[in-house]
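Take the position in the sequence shown, starting the count at 1, then add 1015; the result is the number in my numbering.
Every residue, glycine too, gets a C-beta built ideally from N, C-alpha and C.
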Amino acid sequence: MFKDLSPKGIYYSFASLGALLMIVIGSFAIINGAMTKYVFKQGPQSQVEMAGIPPLPLNDTKAVSDLTLREDLSKADKEAIEAWLKDYKNWQDTVKNQKMNVYDPLYSQLNFGFSMLIIGVPLFVFHIRHIIRDEKTADKKK
């Protein structure tokens, strides 16, 4: 296959090998994602991750509300604490009523796999075509 080991031929060979690896890795990622989604349905439920770290829940808001009874705090401080408690209560209601920012890592995996294929396939085809064309022209010269 490699009769002429010119730098050009070596480049085309390694580039097509790299593209072939991209195709294999991308295909593996897509197949793995599809099997995770459709064959092994129980596995991905534990992999759903939070997109961001939510604020820590406060278990005892009574301790915070008792701060407003202290006499060493100014009126502005007491109003700030009451406003914070009101905002915290609104936040708790919002969290209960909506799904938090969760995402499934399957989409990242499929995105990676398709990206590898979109880049790898044309790269592989381009370099293999040049290798085949160079082989044919080398055979015609002889």
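| Item | Value |
| --- | --- |
| Gln1107 (DSSP reduced to helix, strand or coil) | helix |
| Cβ-Cβ distance between Lys1093 and Thr1083 below 8 Å | yes |
| Heavy atom of the ligand ZN within 7 Å of Lys1157 beta-carbon | For the structure depicted, the ligand ZN is absent and the ligand set is empty, with no information on it obtainable. |
| Beta-carbon separation (whole angstroms), Leu1121 vs Gly1048, contact threshold 8 Å | 5 Å |
| Ile1147 to Phe1127 span [Cα, whole Å] | 30 Å |
| Exposure label - Ala1044; buried when at least 16 CB within 10 Å | buried |
| Exposed unless 16 or more other CB atoms sit within 10 angstroms - verdict on Phe1141 | exposed |
| Beta-carbon gap between Ile1143 and Ser1031 smaller than 8 Å | yes |
| Helix, strand or coil at Ala1066 according to DSSP, with G and I counted as helix | Annotation note: pLDDT 49 at Ala1066 (below 50); position unreliable, coordinate value reported separately. Looking at Ala1066 - three-state DSSP - the assignment turns out to be coil, as it is neither helix nor strand. |
| Whole-Å CB distance - Ile1134 paired with Met1037, under 8 Å assumed | 6 Å |
| Backbone CA spacing between Gly1024 and Thr1051 [nearest angstrom] | 40 Å |
| Nearest residue (CA-CA) to Phe1129, options Ile1040, Ala1078, Ser1028, Ala1098 | Ile1040 |
| Own chain residues within Cβ distance below 8 Å of Asp1154, not counting five before or after | none |
| Expected contact under 8 Å - CB spacing of Ser1160 and Leu1100 to nearest Å | Lying outside 1016 to 1157, the shown extent of the chain, residue 1160 is not represented and no answer is given. |
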